[in-house]
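What follows is a set of notes on a single structure, which appears directly below.
2 protein chains.
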Amino acid sequence: MTPEALLAHWQGHRRVTRRVIEAFPEDKLFTFSIGGMRPFGVLALEILTMGAPMVRGVVNGTWENNSSRDALPKDGLLKQWDAATEEIDRLWKEIPAERFGETLTAFGQFTDKTYNLLLYVIDNEIHHRGQGYVYLRALDITPPAFYDRS
Amino acid sequence: MTPEALLAHWQGHRRVTRRVIEAFPEDKLFTFSIGGMRPFGVLALEILTMGAPMVRGVVNGTWENNSSRDALPKDGLLKQWDAATEEIDRLWKEIPAERFGETLTAFGQFTDKTYNLLLYVIDNEIHHRGQGYVYLRALDITPPAFYDRS
Chain E
1 MTPEALLAHW QGHRRVTRRV IEAFPEDKLF TFSIGGMRPF GVLALEILTM GAPMVRGVVN
61 GTWENNSSRD ALPKDGLLKQ WDAATEEIDR LWKEIPAERF GETLTAFGQF TDKTYNLLLY
121 VIDNEIHHRG QGYVYLRALD ITPPAFYDRS
Chain V
1 MTPEALLAHW QGHRRVTRRV IEAFPEDKLF TFSIGGMRPF GVLALEILTM GAPMVRGVVN
61 GTWENNSSRD ALPKDGLLKQ WDAATEEIDR LWKEIPAERF GETLTAFGQF TDKTYNLLLY
121 VIDNEIHHRG QGYVYLRALD ITPPAFYDRS
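Protein chains in written order, with this note's numbering: chain E, 1 to 150; chain V, 1 to 150.
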């Protein structure tokens, strides 16, 4: 799997997650939850603190992911999402090919090969997005198709 | 990422999914659901029909995944899970290295590079397992840690 293929795979998933954010009613995004879990808006902010910040760290060794988890309007969340999409695309080209197999410590605490760190970020997004699907179904809203990455 | 690393990644996820199955009370595994979704036992059976059957197809071109989705006791489901774990480990060694980059049509309908087909199976498992986490929380049961793949 090439770096370009991994990026395409991730951005495909990120398009689905963006549609899940869009599918939430404005007044449910940061309020609705099940079983004491976090609302989907908070999960989306967590995903945002792991995505572009991970790529930034892989590129230049700067680790920072302490941005706000406070509620914000859906439009503002989508704007952050789109900014992260562009940043990930832009920074990805700066990752030296050999970096993917090197061992890094991300955010001062997660030590693993770079490709495993990136897979963790993608898997965490899929995991929390799956939770968002249940929230949407519980709200009687049909979630976007899981298999459609366009 | 080597074939061995991809297998280790997948089997790590499969250990988490096994713990999610184990965490369900016997009488909720095939009955409890939210928002009209499928119970977790049915999702686990879907995951089983995609895992070992995918690897079987990749190895020998035989595509079959029409096994039962009928409810069964948790112990029986875990036995199927463990049998799939062994089969995946065994068959994985038979996949020629070049096969991962080749394009296949899985189950007569999904055409993609082999590594993408395998990632789809893994992602689908993470996605549905995330739904199982919500079911468990709704049942007031603490799910296993997402990050612990041991």
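All C-beta atoms, glycine included, are put in the ideal place defined by N, C-alpha and C.
Does DSSP put residue i in a helix, in a strand, or in coil?
{"i": "V:Thr-103", "result": "strand"}
{"i": "E:Lys-79", "result": "helix"}
{"i": "V:Asn-60", "result": "helix"}
{"i": "E:Ile-21", "result": "helix"}
{"i": "V:Thr-85", "result": "helix"}
{"i": "V:Ile-95", "result": "coil"}
{"i": "V:Ile-47", "result": "helix"}
{"i": "E:Pro-73", "result": "coil"}
{"i": "V:Gly-35", "result": "coil"}
{"i": "V:Ala-52", "result": "helix"}
{"i": "V:Ala-145", "result": "coil"}
{"i": "V:Leu-29", "result": "coil"}
Hey, is residue i's beta-carbon within less than 8 Å of any beta-carbon in chain V?
{"i": "E:Asp-112", "result": "no"}
{"i": "E:Ile-126", "result": "yes"}
{"i": "E:Leu-119", "result": "yes"}
{"i": "E:Gln-131", "result": "yes"}
{"i": "E:Asn-15", "result": "Rather than Asn, the amino acid found at residue 15 of chain E in this sequence is Arg. False, the Cβ-Cβ gap to chain V never drops below 8 Å."}
{"i": "E:Arg-18", "result": "no"}
{"i": "E:Glu-97", "result": "The residue you asked about is not Glu; residue 97 of chain E is Ala in the sequence shown. No, E:Ala-97 lies away from the interface with chain V (no Cβ there is under 8 Å from its Cβ)."}
{"i": "E:Asp-82", "result": "no"}
Whose C-beta lies closer than 7 Å to the C-beta of residue i among residues of the same chain, with five residues either side of it excluded?
{"i": "E:Ile-95", "result": "Pro-3, Val-58 and Val-59"}
{"i": "E:Pro-39", "result": "Leu-29, Phe-30, Thr-31, Phe-32 and Ser-33"}
{"i": "E:Gln-80", "result": "Leu-48"}
{"i": "E:Asp-112", "result": "Thr-103"}
Are residue i and residue j closer than 8 Å when you measure CB to CB?
{"i": "E:Tyr-120", "j": "V:Met-1", "result": "no"}
{"i": "E:Arg-18", "j": "E:Ser-150", "result": "no"}
{"i": "V:Leu-117", "j": "V:Leu-6", "result": "no"}
{"i": "E:Gly-130", "j": "V:His-128", "result": "yes"}
{"i": "V:Met-37", "j": "E:Val-134", "result": "yes"}
Does residue i get closer than 8 Å to chain E when you measure Cβ to Cβ?
{"i": "V:Val-134", "result": "yes"}
{"i": "V:Met-50", "result": "no"}
Give me, in chain order, the residues of the same chain whose beta-carbon lies closer than 6 Å to that of residue i; leave out the 5 immediate sequence neighbours on both sides.
{"i": "E:Glu-26", "result": "Lys-74"}
What does a CB cutoff of less than 8 Å around residue i pick up in its chain, not counting 5 residues either side in sequence?
{"i": "E:Leu-78", "result": "Arg-18, Ile-21 and Glu-22"}
Worksheet item: Which ranges would you report for the alpha helix (DSSP H) in the stretch 101-139 of chain E if only whole runs of at least 4 residues count?
Response: 114-138
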